[in-house]
Ligand code: FAD
Ligand code: EPU
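Residue numbers (my numbering): 28 to 326.
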């Protein structure tokens with residue numbers, strides 16, 4: 028049987044061919060995935076990974092697509108979309124075990140309702156728990172790695188197991204899961220007891236700040252660049268006079284200089300050109316080499 032036939036068999040015909048990926052990312056940009064499936068369970072995820080490996084089909088993981096730029100021509104191979112079916116949440120004392128398909132904000136709200144503090148920083152981050160583990164999502168107030176004590180994974184060969192703290196490492200917007208071929212299917216976070224009202228007040232304060240400082244409600248992918256040790260990129264872009272700069276239907280946010288906005292109908296090529304122009308400009312003005320935080324997929 029061909030890869031396609033076997034994939035349809037495993038997924039009971041739920042796999043899609045040439046699925047438009049612009050539907051599945053917050054930039055609303057990008058062409059189709061050759062093969063696309065949103066597994067219904069961890070076991071199905073494992074079966075699909077084993078099949079892809081047997082057929083040497085490249086697998087890319089997708090969460091909420093809030094840190095991605097997908098090429099206009101789409102991608103070959105399989106896009107494995109970790110969504111709500113992989114999404115149980117369970118409190119055990121001060122710990123919460125959570126599926127990777129759960130929106131990070133829902134995990135934060137679940138913790139708050141149950142009187143657990145430590146995830147308030149997550150408000151306003153539109154990713155899944157899986158994406159947050161991969162990118163070590165965070166703000167100066169905290170990050171995913173701070174509370175993660177176990178990660179449930181499916182290895183590239185389909186093995187389902189749990190990693191302990193000795194098996195993973197987190198740094199600024201990075202985790203050791205990246206590039207490992209492993210899929211995060213869940214994690215356990217360890218939090219501290221606190222008063223729910225106080226937690227909700229902190230979340231409200233963070234939300235208000237974000238509404239004032241970021242282009243909330245637009246099509247974007249969060250900060251495009253990592254902050255440089257000596258420079259806040261948003262500030263540097265502003266000082267370089269690049270806010271509002273436009274290529275096609277993509278523009279540098281006038282609210283925050285480290286965001287690029289899809290004004291409607293922007294192509295990945297427009298965004299890439301804008302990224303190159305910002306990098307060139309800050310290289311010559313400040314002598315710094317910016318590093319992308321947004322992940323740029325190749326076809
Ligand atoms: P995706 O963008 O879908 O994927 C990101 C990476 O994770 C990819 O490499 C993907 O292959 C991999 N991946 C996804 N799920 C899995 C999985 N289950 N197993 C293995 N690999 C997986 N980020 C911050 O850190 N701080 C912020 O304050 C912040 N603010 C944002 C505000 C806005 C408006 C937006 C649009 C984005 C913001 N981001 C921020 C960026 C983004 O939300 C985070 O990086 C988030 O963690 C990405 O999660 P995701 O589910 O969307 O992942
Ligand atoms: N600033 C400007 N002009 C701008 C933007 C910012 O002068 O256009 C100034 C601000 O006034 C402030 C400084 O730059 O003095 C830092 O700005 P901000 O507080 O907005 O934080 P940031 O460093 O730009 C980081 C994260 C964000 C996260 C916020 C939470 C990175 C790359 N960015 O932004 O994360 O939401 O802190 O405060 O680490 C993301 O990773 O996608 C992301 C959005």
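We put the CB at the ideal spot given by N, CA and C, even for glycine.
These numbers come from a predicted model, not from an experiment.
Across which residues does DSSP place residue i in a beta bridge pair?
i, result
"residue 87", "106"
"residue 123", "118, 216"
"residue 201", "198"
"residue 207", "Its beta-bridge partners do not exist; DSSP assigns none."
"residue 282", "Bridge partners of residue 282: none, in fact."
Does the separation of the CB atoms of residue i and residue j fall below 8 angstroms?
i, j, result
"residue 88", "residue 69", "no"
"residue 323", "residue 286", "no"
"residue 260", "residue 284", "yes"
"residue 160", "residue 202", "yes"
"residue 91", "residue 150", "no"
"residue 163", "residue 172", "yes"
"residue 248", "residue 95", "yes"
"residue 301", "residue 277", "yes"
Report the CB separation of residue i from residue j in whole angstroms; it is logged as a contact under 8 angstroms.
i, j, result
"residue 57", "residue 84", "Wrong, their Cβ atoms sit about 19 angstroms apart, outside the cutoff."
"residue 226", "residue 144", "5 angstroms"
"residue 54", "residue 294", "With a Cβ gap of about 11 angstroms, residue 54 and residue 294 do not count as contacting."
"residue 179", "residue 213", "4 angstroms"
With a threshold of 16 other CB atoms inside 10 Å of the CB of residue i, please say whether the residue is buried or exposed.
i, result
"residue 228", "exposed"
"residue 44", "exposed"
"residue 243", "exposed"
"residue 198", "exposed"
"residue 39", "exposed"
Can you tell which of the options has its C-alpha closest to the C-alpha of residue i?
i, options, result
"residue 289", "282, 275, 283", "275"
"residue 266", "281, 76, 291", "281"
"residue 152", "140, 168, 141", "168"
"residue 155", "218, 112, 183, 60", "112"
"residue 133", "147, 122, 120", "147"
"residue 309", "211, 141, 255, 277", "255"
"residue 269", "307, 32, 291", "307"
Distance cutoff 8 angstroms, beta carbons only. Does residue i sit that close to anything in chain D?
i, result
"residue 292", "Given the protein chain composition of this structure (a single chain), no chain D is represented."
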